[in-house]
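Participant: My questions all concern the structure below.
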Amino acid sequence: MLAFLWKGCGGKSSASSVKVGIRWDLRSGQLQGPYLQDGTSHETHNAVHALRLPIGSVWVADAGYYSLKELRQFSQQGIFFVIRPHGNLAVSTLSGQRLPLAAYLHQQTGNVIDLSIRLGSIPALWLPARLLALPVSPEVAEQRRAHLREKARKKGHVPSAQALALAGWNLIVTNIATSQLEAQEVLLLYRARWQVELLFKLWKSHGYVDQWTSTDPTHILCEFYAKLLAMLVQHWILLESCWDDPHRSWMLSADLLRDQVPLLLQGLRGRLPLDQVLALIHEALATNATIPARTTRPSTSHQLLDGVYWGLT
Numbered sequence: 001m002l003a004f005l006w007k008g009c010g011g012k013s014s015a016s017s018v019k020v021g022i023r024w025d026l027r028s029g030q031l032q033g034p035y036l037q038d039g040t041s042h043e044t045h046n047a048v049h050a051l052r053l054p055i056g057s058v059w060v061a062d063a064g065y066y067s068l069k070e071l072r073q074f075s076q077q078g079i080f081f082v083i084r085p086h087g088n089l090a091v092s093t094l095s096g097q098r099l100p101l102a103a104y105l106h107q108q109t110g111n112v113i114d115l116s117i118r119l120g121s122i123p124a125l126w127l128p129a130r131l132l133a134l135p136v137s138p139e140v141a142e143q144r145r146a147h148l149r150e151k152a153r154k155k156g157h158v159p160s161a162q163a164l165a166l167a168g169w170n171l172i173v174t175n176i177a178t179s180q181l182e183a184q185e186v187l188l189l190y191r192a193r194w195q196v197e198l199l200f201k202l203w204k205s206h207g208y209v210d211q212w213t214s215t216d217p218t219h220i221l222c223e224f225y226a227k228l229l230a231m232l233v234q235h236w237i238l239l240e241s242c243w244d245d246p247h248r249s250w251m252l253s254a255d256l257l258r259d260q261v262p263l264l265l266q267g268l269r270g271r272l273p274l275d276q277v278l279a280l281i282h283e284a285l286a287t288n289a290t291i292p293a294r295t296t297r298p299s300t301s302h303q304l305l306d307g308v309y310w311g312l313t
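Laid out in C-alpha cells, this is it:
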C-alpha cells in the first residue's frame, strides 16, 4: 500500500516493504537512525553508511553489510571491522597464493582457525585481514545448505561448491591484529552484534512497528512513523535510566516502562514538570530487570565483562 514510498518485490511478495537501518554504539548507547529505504535495495545503500565512524572504533556487522570496498575504506581511515563475509569470498595467503578456502579448512583441526590472509581477487586491491573459522554442527550445516539451494533455485541457478562447503563453518573477517585481540575476544565482539537484533525484536514485540490497524495508506504511514518515534523516545528513556548497568534487560525494562506511559504523557503534555516525571520513571526502573549470571549460556554482557566466550548462537 506504500509502494509510492518504498518498493517491495511485487508478485506474491509485498508490493511495498521497507528496510530500517540503524547504527548503535554499544559503549555509549547512542543510536543513529533509523534510516528507511526500499525493501528491494541492498543494506549497504542505507543512508546510515554515509555517517563517518570515529577513528579507532570497531564496526561489527553481519554478512548483509559485507562490502570489500567499504572494508578497505575503513582500514584506510583507521577503523576496525568484525564482519561475516559472503560464502564466495576470494582469499589469498600473505605470500599472494590463492587459497582454496573450503579445502584448506577441511584439513584443519581445532575449535577456532585463525588465519592471516588477503581479501579480494585483484592483487592491487588486496586487503590484509584475519579470517576466523569455527565449525558448526552437521545439523546446522545441512540447514544452511538447504537454504542456499532454495535461494538459488528461486533465482534459476545452483549454489557454488565452495558456498555449500563453507556452510559448515562460521566465518569472521577482521582487521584487528592478534596483538590487540585474541580470536576468542574477536568472537565475543561479534556476538555483541546480536544486541541490534534484540533491539529490532523489541521494536516489533513492544512497539508493533510492523503491524497496523488500517488499510488506508495515509493512516498506515502515520501509524508507522508514530510507532518509530515512540521507540526512539523509549530508547532515550531506557538509555538515561538503564545504560549504566550492563546487565540490565532492555526487554524487561521496556515492560516496566510501559506501566509508566500515563505518567510520561502528563510530562509531555506539560501537566507535570517533565524533569520530575523522568526522575520518577528513573526511580521505577532503577533496581529491576537485571539479567542474572548464568552458568550455562551466559548473557552477552556477562561474557564481555568476564571475558568468557560461550558461542555465536
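FYI, UniProt numbering numbers position 296 of the sequence shown as 296, with every residue one higher than the one before it.
Glycine residues also receive a C-beta, built at the ideal position from the N, C-alpha and C atoms.
From G207, R149, L132, L256, pick the residue whose C-alpha is nearest to that of I113; which is it?
Facilitator: L132
Participant: Taking contact to mean at least 3 C-beta pairs separated by less than 8 Å, is the region 103-121 in contact with the region 140-148?
Facilitator: The region 103-121 makes no contact with the region 140-148; the number of CB pairs closer than 8 Å stays below 3.
Participant: Work out the CA separation of Q195 and T282 for me, nearest whole Å.
Facilitator: Checking the sequence shown, residue 282 turns out to be His, not Thr. If you take the alpha carbons of H282 and Q195, they lie about 22 Å apart.
Participant: Since Q37 is in the beta strand (DSSP E), which residue starts that stretch and which ends it?
Facilitator: 31-38
Participant: Whose C-beta lies closer than 8 Å to the C-beta of E240 among residues of the same chain, with five residues either side of it excluded?
Facilitator: L278, H282
Participant: Measuring alpha carbon to alpha carbon, tell me which residue in L280, G168, F81 is nearest Y65.
Facilitator: F81
Participant: By the 10 Å Cβ neighbour count, where 16 or more other Cβ atoms means buried, how is W203 classified, buried or exposed?
Facilitator: Answer is buried; the Cβ neighbour count reaches 16.
Participant: Quick check on this structure: which residue in L71, H106, S121, L189 has the alpha carbon closest to the alpha carbon of S92?
Facilitator: S121
Participant: Give, in chain order, every unbroken run of the alpha helix (DSSP H) that is at least 4 residues long and sits entirely within the region 55-138.
Facilitator: 68-76, 101-106
Participant: List the endpoints of the continuous beta strand (DSSP E) containing V18.
Facilitator: Run containing V18: 18-24, per the beta strand (DSSP E) assignment.
Participant: Cα separation between K19 and V60?
Facilitator: If I take the Cα positions, the gap works out to 19 Å.
Participant: Can you tell me whether DSSP reads I281 as helix, strand or coil?
Facilitator: helix
Participant: Can you give me the C-alpha to C-alpha distance between residue 320 and P123, rounded to a whole angstrom?
Facilitator: Residue 320 lies beyond the range of the chain shown here (1 to 313); nothing can be said about it.
Participant: Using a Cβ-Cβ cut-off of 6 Å (strictly less than) and excluding sequence neighbours within five positions of M126, which residues of its own chain qualify?
Facilitator: Sequence check: residue 126 is Trp here, not Met. R118, G120, listed in sequence order.
Participant: Tell me the residue span of the alpha helix (DSSP H) that contains V237.
Facilitator: According to the sequence displayed, residue 237 carries Ile and not Val. I237 -> alpha helix (DSSP H) spans 217-242.
Participant: With H, G and I counted as helix, E and B as strand and the rest as coil, what does DSSP make of V209?
Facilitator: coil
Participant: Quick check on R248: does DSSP put it in helix, strand or coil?
Facilitator: strand
Participant: Would you mind sorting T174 into buried or exposed? The rule is 16 or more other CB atoms within 10 Å of its CB.
Facilitator: buried
Participant: Compute the distance between the beta-carbons of L257 and N288, then report whether it is under 8 Å.
Facilitator: No, they are not a contact pair.
Participant: With DSSP run on the structure shown, which of helix, strand or coil describes W6?
Facilitator: Residue state, collapsed to three classes: coil.
Participant: Count the other C-beta atoms from every protein chain shown that fall within 10 angstroms of the C-beta of V158, then say buried if there are 16 or more, exposed otherwise.
Facilitator: exposed
Participant: Looking only at C-alpha atoms, which of H235, V233, Y208 sits nearest to E223?
Facilitator: Y208
Participant: With distances taken Cα to Cα, identify the nearest neighbour of D245 among S16, L166, R27.
Facilitator: Taking only the C-alpha atoms, the option nearest D245 is R27.
Participant: By the DSSP assignment, the beta strand (DSSP E) with T295 in it spans what residues?
Facilitator: No beta strand (DSSP E) holds T295; DSSP gives it neither H nor E.
Participant: Starting from L272, trace the alpha helix (DSSP H) both ways and give me its first and last residue.
Facilitator: Run containing L272: none; DSSP gives neither H nor E here.
Participant: Rounded to whole angstroms, how far is the Cβ of W6 from the Cβ of S16, which I believe are closer than 8 Å?
Facilitator: Distance from W6 to S16 at the Cβ level is roughly 5 Å; contact confirmed, criterion being Cβ atoms closer than 8 Å.
Participant: Within 10 angstroms of its Cβ, does R269 collect 16 or more other Cβ (buried), or is it exposed?
Facilitator: The residue in question, R269, is exposed, as its Cβ has fewer than 16 Cβ neighbours within 10 Å.
Participant: What are the boundary residues of the beta strand (DSSP E) that includes V186?
Facilitator: Note, V186: premise wrong, no beta strand (DSSP E); alpha helix (DSSP H) at 183-191.
Participant: If you measure between the beta carbons of R84 and I220, is that distance less than 8 Å?
Facilitator: no
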